[in-house]
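Asker:
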Amino acid sequence: MRYLVLTDIHANLEALDAVLADARVRGYAKTLVLGDLVGYGADPNAVVERVRALAPAAIVRGNHDKVACGLEQADGFNTVAKSAARWTLDVLTPEYRQWLAALPEGPIDVDDTVQICHGSPFDEDAYIFDELDAVRALKVATRPLCLFGHTHYPMTFELSAETFDSAGPATAGEAQLELKPGSKYLVNPGSVGQPRDGDPRAAYAIVDTDHRSVELIRLKYSIEDAQSKVIRAGLPEVLAQRLAIGR
Numbered sequence: 007m008r009y010l011v012l013t014d015i016h017a018n019l020e021a022l023d024a025v026l027a028d029a030r031v032r033g034y035a036k037t038l039v040l041g042d043l044v045g046y047g048a049d050p051n052a053v054v055e056r057v058r059a060l061a062p063a064a065i066v067r068g069n070h071d072k073v074a075c076g077l078e079q080a081d082g083f084n085t086v087a088k089s090a091a092r093w094t095l096d097v098l099t100p101e102y103r104q105w106l107a108a109l110p111e112g113p114i115d116v117d118d119t120v121q122i123c124h125g126s127p128f129d130e131d132a133y134i135f136d137e138l139d140a141v142r143a144l145k146v147a148t149r150p151l152c153l154f155g156h157t158h159y160p161m162t163f164e165l166s167a168e169t170f171d172s173a174g175p176a177t178a179g180e181a182q183l184e185l186k187p188g189s190k191y192l193v194n195p196g197s198v199g200q201p202r203d204g205d206p207r208a209a210y211a212i213v214d215t216d217h218r219s220v221e222l223i224r225l226k227y228s229i230e231d232a233q234s235k236v237i238r239a240g241l242p243e244v245l246a247q248r249l250a251i252g253r
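Residue numbers (the numbering used here): 7 to 253.
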């Protein structure tokens, strides 16, 4: 099976549309969504509409999704994130708020090879930044490949019987990973709509379980258009500024 993997879109329609157009050219059969469709960006309704139209094979909620639909309060958010969450809650249609509220908690086993979650397989809101976090996650992961998001950093971790290997963002912005028999993998494709690894290009992945491969992809999109929408919406200006620097 060939999966398109999307996470942390954060209401950035320009980034999402660019990714979907690129993915159609590369080819895929089904879509996996790892949460945080909304928050920060200016197009929450349009992004939810796009994702629903994809009819994902599996999807989990993110922390911003939970706050934006009213399931949780924004107590743990910083001032900027709280402001964006309040704005998103106000502009989301009742139908889309209800749809977001019904999204399942991760992890979810997609097939015999793939598991998905938002933060980690042991806690949907936990962050995986380092090797200690990764080892803990890999030990509880129920499939050879666990896909996660939340940090907005593309990362890969491999646990085999002999070694543990990790890699941060690829130097060239993209990477190809071969899934070896007997190993377990933890992969973050990076954020579609708000990258934070210093590369402002949209990030996504394609997983091919038949060929046992994961491709981490970076893609240019119209950052200026996304920035203009953020400013016009009255969202905090820093949310527009950070799109250009990928931080």
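Beta carbons are placed, not taken as given, at the ideal position from N, Cα and C, and that holds for glycine.
(1) Looking at the secondary structure, which residues open and close the beta strand (DSSP E) in which S219 lies?
(2) Could you check whether V236 and I15 sit closer than 8 angstroms to each other, using their CB atoms as the reference points?
(3) Runs of 3 residues minimum, wholly inside the stretch 83-152: which ones carry the beta strand (DSSP E) assignment?
(4) Could you spell out where the beta strand (DSSP E) holding E78 opens and where it closes?
(5) Where does A182 fall in DSSP's three states?
(6) Compute the Euclidean distance between the alpha carbons of G68 and P187, then round it to the nearest angstrom.
(7) Is the separation between the beta-carbon of P31 and that of V120 shorter than 8 angstroms?
(8) So, for K145: in the same chain, excluding its five sequence neighbours on each side, which residues have a beta-carbon less than 6 angstroms away from its beta-carbon?
(9) When you compare only the Cα positions, how much space is there between R5 and R224?
(10) Would you mind reading off the limits of the beta strand (DSSP E) that contains A208?
(11) Could you have a look at I237 and say whether DSSP puts it in helix, strand or coil?
(12) Is any heavy atom of the ligand FMN found at a distance shorter than 7 angstroms from the C-beta of R218?
(13) Whose C-beta lies closer than 7 angstroms to the C-beta of K36 among residues of the same chain, with five residues either side of it excluded?
(14) Quick one: Cα of L26 to Cα of H70, how far?
(15) In three-state DSSP terms, what is L12?
(16) Using CA coordinates, which residue listed in D131, Y159, E180 and P160 is at the minimum distance from H78?
(17) What do you get for N18, buried or exposed, if any count of 16 or more other CB atoms within 10 angstroms of its CB means buried?
(18) What three-state label does DSSP hand V66 in the structure shown?
Answerer: If we stick to the structure as given:
(1) Start at 1 with the first residue of the sequence shown, and residue 219 comes out as number 213. Residues S219 to L225.
(2) As a working note, residue 15 is residue 9 in the sequence shown. As a working note, residue 236 is residue 230 in the sequence shown. Cβ distance not < 8 angstroms, so I15 and V236 don't count as in contact.
(3) 120-122
(4) For this step, residue 78 is matched to residue 72 along the sequence shown. Where E78 is concerned, there is no enclosing beta strand (DSSP E), given that its DSSP letter is neither H nor E.
(5) Numbered from its first residue, the sequence shown carries residue 182 at position 176. The sequence shown places Gln at residue 182, rather than the Ala named in the question. Strand, per DSSP.
(6) For the purposes of this step, residue 68 is taken as residue 62 along the sequence shown, with counting starting at 1. For the purposes of this step, residue 187 is taken as residue 181 along the sequence shown, with counting starting at 1. Going from the Cα of G68 to the Cα of P187 covers about 30 angstroms.
(7) The residue given as residue 31 occupies position 25 in the sequence shown. The residue given as residue 120 occupies position 114 in the sequence shown. Note that residue 31 is Val in the sequence shown, not Pro. No.
(8) By 1-based counting over the sequence shown, the position of residue 145 is 139. Closer than 6 angstroms at the Cβ level, and outside the excluded window around K145, lies no residue.
(9) Outside the modelled stretch of the chain, which goes from 7 to 253, sits residue 5, for which no answer is possible.
(10) For the purposes of this step, residue 208 is identified with residue 202 of the sequence shown, where counting begins at 1. That run of the beta strand (DSSP E) goes A208 to D214.
(11) As a position in the sequence shown, residue 237 is number 231, starting the count at 1. If DSSP states are grouped into helix, strand and coil, I237 belongs with the helices.
(12) Ligands displayed in this structure: none; no statement on the ligand FMN is therefore possible.
(13) The count along the sequence shown starts at 1 and reaches residue 36 at position 30. Result list for K36: M7, Y9 and A63, in chain order.
(14) Within the sequence shown, numbered from 1, the residue matching residue 26 stands at position 20. Within the sequence shown, numbered from 1, the residue matching residue 70 stands at position 64. Going from the Cα of L26 to the Cα of H70 covers about 22 angstroms.
(15) Mapped onto the sequence shown, residue 12 falls at position 6. L12 falls in the strand class under three-state DSSP.
(16) Taking the first residue of the sequence shown as 1, we reach residue 78 at position 72. The sequence shown places Glu at residue 78, not His. Ranking the options by Cα distance to E78, first place goes to D131.
(17) Position 12 of the sequence shown holds residue 18. Burial call: buried.
(18) In the sequence shown, residue 66 corresponds to position 60, counting from 1. DSSP places V66 in coil when its eight states are reduced to three.
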